[in-house]
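Counting with our numbering, you get residues 17 to 150 for the letters of the sequence shown. Cβ atoms here follow ideal geometry from the backbone N, Cα and C, with glycine treated the same way. The structure appears below as structure tokens.
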Amino acid sequence: MVDRASVSAKPRAGACRCDEGDLRRSRTRPAASGGGSGTALRPKPQRKTQRPRLFKVILVNDDFTPRDFVVAVLKAVFRVSQDQGRRIMMTAHRRGVCVVAVYTRDVAETKATEGTEAGKAAGYPLMFTTEPEE
């Protein structure tokens, strides 16, 4: 019969010695020397991203642009429905101006320019402006 105490105390040739000396220390905790091995963990800097500032696209009323043309431009440029386009047009007609939509600055300016250019191309003084949202 084999004595178990004598077998477990003697390491076999080629056996894993993970629990001996430096091998174990290097796997479980950083070296105590602090020699700048580059393994120390640094906290990641927190970057706070801010939401972009929003701008309103405003339809300005005029007495010369036909109502149906205004609705057609609203549908084409701002992708609104016929009913929604009529409501926007009538609000601008009654109050003088109406907020069409709210976008980031570059999108708002692009859409306002597209709408104004569509009016100019047809010979109408249709005008869209942009202003920052509060």
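Self-check item: Classification of Pro141 by the beta-carbon crowding that lies within 10 angstroms, buried from 16 upward
Solution: Position 125 of the sequence shown, counted from the start, is the residue given in the question as residue 141. Per the 10 Å Cβ criterion, exposed.
Quiz item: For Ala128, is the beta carbon positioned less than 8 Å from some heavy atom of the ligand SAM?
Solution: As far as ligands go, the structure on display features none, and thus does not contain the ligand SAM.
Practice problem: Round the Cβ separation of Phe71 and Val118 to the nearest angstrom and send it over; I've been treating them as touching at under 8 Å. | Solution: Translated into the one-based positions of the sequence shown, residue 71 becomes position 55. Translated into the one-based positions of the sequence shown, residue 118 becomes position 102. Contact holds; Cβ gap of about 7 Å.
Quiz item: On the three-state DSSP scale, how would you describe Leu142?
Solution: Working through the sequence shown from its first residue, we reach residue 142 at position 126. Looking at Leu142 - three-state DSSP - the assignment turns out to be coil, as it is neither helix nor strand.
Exercise. Would you mind giving the Cβ-Cβ distance between Val73 and Lys136, rounded to the nearest angstrom? I have them listed as a contact below 8 Å.
Key: By 1-based counting over the sequence shown, the position of residue 73 is 57. By 1-based counting over the sequence shown, the position of residue 136 is 120. Contact doesn't hold; Cβ gap of about 17 Å is too wide.
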